[in-house]
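So in the working numbering, the last one in the sequence shown is 391, and the numbering has no gaps at all. From the three backbone atoms N, C-alpha and C, an ideal C-beta is built for every residue, glycine too. Predicted model only: the values in this text are computed from it and were never measured.
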Amino acid sequence: MQQNRNKLSMQPSKQTGQDNSQTLIVIGVGLIVLALAVFGILFLFSKGSGSSGGESSGGEQSLSANSADKSEADQNGNSSTPEGSAQVKVHFIDVGQGDCTLVMSRGEAMLIDSGERDDSDRVIKYLKEQGITKLSCIIVTHPHTDHMGEMPDILKAFKTDKFIMPKVPDNMVPTIMRYEKMLKQIKNQGLEISWSSNSEFRLGDAVINTYTPKGQFEELNDYSTVVKISCGSRKFLIMGDTEKEEESDLLAQKFDFRADVLKVPHHGSYKGTTSELLKAVGAQYAVICCGKNNDYGHPHDSTLKRIKKFVSNVYITKDNGDIVFTTDGKSLTVTTQRG
C-alpha cells in the first residue's frame with residue numbers, strides 16, 4: 053500500500069508539470085501571434101498612410117523647394133547645369149576699331165555687336181568656322197557703326213530668333229544707310245525688335261542678363277545695353293560704349309556687376325571705366341577691343357593705368373587678336389589667335 057501511495061502521490065506532480073509546459077507553450081504561441089498581429093497592424097497603417105497622399109504631398113513640397121532653389125540660382129545668374137560639366141565659350145573677335153562678341157553654348161549662339169562693315173566678311177567667316185548656321189539672339193549694344201555696321205550682312209547670312217537693341221531718343225536715332233539696311237533685314241526675317249530692358253534669358257548652359265540705364269543722356273554711347281553672361285560661378289560683363297554718366301546710373305541701380313572678365317567700355321577711352329566700376333566688377337581679366345593705330349588713341353594711357361590697378365590680366369585685340377574664354381562653370385581658360 054505504501055508503494056501504491058507513492059505512485060499515486062507522484063502522478064499529480066507529473067500532471068502539474070505537463071500542465072505548466074502546455075501553459076508556457078500556449079503563452080509563447082500567444083505572444084508570437086500577438087507580435088505578428090501588432091506587426092501586421094503597423095504595416096497596414098504605414099501602407100495606408102503612404103497611399104493617403106501624405107507622402108505624395110511631401111514629395112511635391114520637396115520638388116517645389118528644389119524648384120525654388122533652382123529659380124533662386126537662376127536669378128543669381130547661375131546655370132542649373134552642375135559646375136564642371138557646363139560648356140560656354142565667349143569669343144572677343146578682333147574686328148579692328150569696333151566691338152564683336154560671340155557667345156556659344158550647347159549648340160546655341162548669340163552675337164553681341166558686329167564691328168564696322170567689312171568687305172571681307174570677317175565676322176560671317178568666323179561664325180561659319182565655328183559651325184554656326186543660326187543665331188539664337190543678336191544684341192546691338194547701341195547703334196554706332198563700329199558696333200552694328202556689319203549687322204545687315206550678318207542678318208542676311210544667318211537666320212536669327214531674337215534681336216535686341218536699346219530704344220534711344222528720337223533725335224539720336226541714326227539716319228545712316230547701314231542702320232536703315234539693318235532694319236530692313238530685321239523686317240525681312242519677320243523679326244520684331246525687342247527693346248532693351250532689365251531682363252534675363254538662357255542660352256544653353258549660360259544665363260544672360262541685360263541691363264539698361266534710367267537716365268537721359270547727351271551721348272548715344274550712354275544708352276548702351278550692358279550684357280552679363282553667367283555660367284556656374286564664372287561671369288562675363290560686356291559694357292558696350294558706356295561712359296561715366298551711364299556707369300554712375302547703372303551702379304546707382306545696385307546691379308550685381310561682379311564678373312571674372314570685363315569687356316572694357318568704349319574701347320578703353322578716358323571717358324569711361326571709372327574706379328567705381330572696376331571696384332564693383334572685381335574682374336581678374338579685362339578685354340579691350342580696338343584697332344591698331346586707331347585715330348582715337350585707344351586705349352588711353354590713363355584708362356589703362358587705372359585698369360591695371362584693379363585687374364591682373366589685360367588683353368587687347370589690336371595686340372592679341374581674337375581672345376577666347378572657355379568655362380565649364382568652374383574653371384576658366386583663355387586663348388588668343390590671330391585672324
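- By alpha-carbon distance to H199, the top candidate from V313, F269, L302, C152 is C152.
- DSSP, read as helix, strand or coil, puts E252 in strand.
- Looking at T197, G324, L235, N240, the one whose alpha-carbon comes closest to that of K296 is G324.
- Residues of the same chain with a CB within less than 6 Å of the CB of V339, apart from the 5 flanking positions on each side, are F144, K315, Y367, I375 in chain order.
- In the DSSP assignment, V279 falls within the unbroken beta strand (DSSP E) covering 278-283.
- Under the 10 Å beta carbon count, P134 is surrounded by fewer than 16 other beta carbons and is classified as exposed.
- Residue environment: G343 is assigned as buried (16 or more neighbouring CB atoms within 10 Å of its CB, all protein chains considered).
- Taking the CA atoms as reference points, E299 sits about 22 Å from R286.
- Here DSSP, grouped into helix, strand and coil, assigns R286 to strand.
- Under the rule that a run must span 4 or more residues, the alpha helix (DSSP H) segments found entirely inside the segment 218-242 read 229-240.
- For the 8 Å CB-CB criterion, K186 and K211 form a contact.
- Approximately 15 Å separates the beta-carbon atoms of F269 and Y263; this is outside 8 Å, ruling out the contact.
- Between K141 and F309, the gap from beta carbon to beta carbon reaches 8 Å or more.
- Nearest C-alpha to D146 among H319, D347, K357: H319.
- According to the DSSP assignment, N372 belongs to the alpha helix (DSSP H) that extends over 369-372.
- Per the coordinates, the alpha-carbon of R158 lies some 15 Å from the alpha-carbon of F253.
- Residue environment: P204 is assigned as buried (16 or more neighbouring CB atoms within 10 Å of its CB, all protein chains considered).
- Out of H194, V225, G373, the CA that lies nearest to the CA of V279 is found in H194.
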